Amino acid sequence: MTVATLIAELELDVWERLEAVTDPELDEPITEMGFVERVTLTGDSRVRIEFRLPTYWCSPNFAFLMAFGIRREVARLPWVKGVEVQLQDHCFGEKVNEGVNSGRAYHEVFAEYCDGADLAEVEAKFLAKAFDRRQESVLSGLLAQGRTPGAITRMRLGELAEVTFGGEESRAQLPRYLSLLAERGLARGPEAPAFVTWEGAPVTEAGFADHVQRLRSTRINMEFNGAMCRGLAATRYKEVEIGPEGPTLVDFIQGRVPPREGAAQRA
């Protein structure tokens, strides 16, 4: 195996771990959202990850959660001895970078820079929304197969795990839903109810319609936010034709020049 091939395989390992890091508001991998800009192996089994968010003013809470998620997931690779995370072009970037790379406990850093906020509470809030969205996708897939609310609410975990979905969204969300059920201890063993609320109460046939309606509201809101984020990112970082004299003030005002390109032009 050549050195170049080895480096490529190690970088692939890192990208696969990064797929486990999601935007907490959207429950979508940061790799799919296009937030990760660069992965660099810096030697001595150390890794540097650079990422950017859709706007300069994206919530510091989100930035911290994603930055620490990156560090946590990449550090799980057995060959990695150190992780450096760099948030680029963000109003809180210096504080996020100092905090995540300081080696201090993430809840301590988060509380210091986010007005004493409890990181566990913030994470639980977003996990609950992620749970609802994943469950809604699975329920929609089952309804599309012609299954009745009664049959769905009586379904056991082992039975759900064997379902094959035709729709791409339901197929993708099923393992993510099952994973979160297990992670939160909401279902134990194949005979456990397949569908419960975030609080652990079984979803009943009588309450099924209202439950699904609530989940759909959550999913629509998250999808709208996701579409807006993609649009903002595309506008902020889009490539455009700049005149021979370089970017003008109007180019910067209208968002035609990515921050790094603009800095290079000004230099």
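Using our numbering, the letters of the sequence shown map in sequence onto residues 2 to 268.
C-beta atoms are modelled at their ideal positions from N, C-alpha and C, and glycine is treated no differently.
Quick caveat, the model's predicted, so the values are computed rather than measured.
| Item | Value |
| --- | --- |
| Assigned exposure category for residue 214 - 16 Cβ within 10 Å defines buried | exposed |
| Of the listed residues 152, 185, 80 and 69, nearest to residue 87 (C-alpha basis) | 69 |
| Between the CA atoms of residue 150 and residue 144 - distance to the nearest angstrom | 8 Å |
| For residue 154, three-class secondary structure by DSSP | helix |
| First and last residue of the uninterrupted alpha helix (DSSP H) at residue 172 | 169-184 |
| Per DSSP, the bridge partner or partners of residue 23 | 30 |
| CB contact flag (residue 139, residue 171, <8 Å) | yes |
| With 16 other Cβ atoms within 10 Å as the buried cut-off, status of residue 132 | buried |
| Validate contact between the stretch 150-164 and the stretch 119-126 using beta carbons, cut 8 Å, 3 pairs | no |
| Integer-rounded CB distance, given that residue 32 should sit under 8 Å from residue 134 | That belief does not hold up - the Cβ atoms of residue 134 and residue 32 are roughly 18 Å apart, past 8 Å. |
| Rounded separation between residue 2 and residue 137 - CA only | 45 Å |
| Chain B contact for residue 178 (CB, 8 Å cutoff) | Among the chains of the structure shown, chain B does not appear; only one protein chain is present. |
| Anticipated Cβ contact below 8 Å, residue 114 with residue 96, distance rounded | 5 Å |
| Selected residue, minimal CA-CA separation from residue 73, among 202, 19, 147 and 26 | 19 |
| Reference residue 78, options 46, 101 and 94, closest by Cα | 46 |
| Cut-off 6 Å between Cβ atoms - residues of its own chain near residue 223, not counting five sequence neighbours on either side | 27 and 134 |
| Coarse secondary structure for residue 160, derived from DSSP in three states | helix |
| Nonlocal neighbours in the same chain, by C-beta distance under 8 Å from residue 216, ignoring five residues either side | 133, 134, 136, 137 and 140 |
| Bridge partners - residue 44, DSSP secondary structure assignment | 47 |
| Beta-carbon spacing of residue 75, residue 4 below 8 Å | no |
| Nearest candidate by alpha-carbon position, reference residue 201, set 210, 211, 146 and 183 | 183 |
| Proximal residues to residue 242 (C-beta, below 6 Å), its chain only, five neighbours per side dropped | Low confidence applies here, because residue 242 scores a pLDDT of 46, under 50, leaving its location unreliable and the question unanswered by this model. |
| Three-state class that DSSP yields for residue 203 in the structure shown | strand |
| Contacts around residue 94, its chain only, beta-carbon distance under 7 Å, and the 5 residues preceding and following it disregarded | 88 |
| Reduced DSSP category for residue 10 - H, G, I as helix; E, B as strand; rest coil | helix |
| Environment of residue 221 [buried if 16+ CB atoms lie within 10 Å] | exposed |
| Residue 83, enclosing beta strand (DSSP E) - first and last residue | 83-89 |
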